[in-house]
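Participant:
Numbering (my numbering), first residue to last: -11 to 51.
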């Protein structure tokens, strides 16, 4: 489990690299771990990442 300072650095790097980019492909390794009303691939396709933040030790990707 990463510590807060490490997570803060990773968040910043991901934000610089990914914000504004379009999601063109989504792969789900094990679909049984997801509970969604529609396929996650359809829900995320062609969306743009608008931000990266963290709450505790979780990274949150804003669309």
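Just so it is clear, CB atoms sit at the ideal spot from N, CA and C, and this is done for glycine as well.
(1) From residue 42 to residue 31, what does the alpha carbon distance come to, in whole angstroms?
(2) In terms of alpha-carbon separation, which member of 49, -10, 38, 28 lies closest to residue 13?
(3) Shortest alpha-carbon distance to residue 37 belongs to which of 18, 2, 16?
(4) Starting from residue 13 and walking both ways along the beta strand (DSSP E), at which residues does that stretch end?
(5) Just to confirm the assignment, what range does the alpha helix (DSSP H) spanning residue 23 have?
Facilitator: Looking at the atomic coordinates:
(1) 22 Å
(2) 28
(3) 2
(4) No beta strand (DSSP E) contains residue 13, which DSSP labels as neither H nor E.
(5) Premise fails: residue 23 is in no alpha helix (DSSP H) and is neither H nor E.
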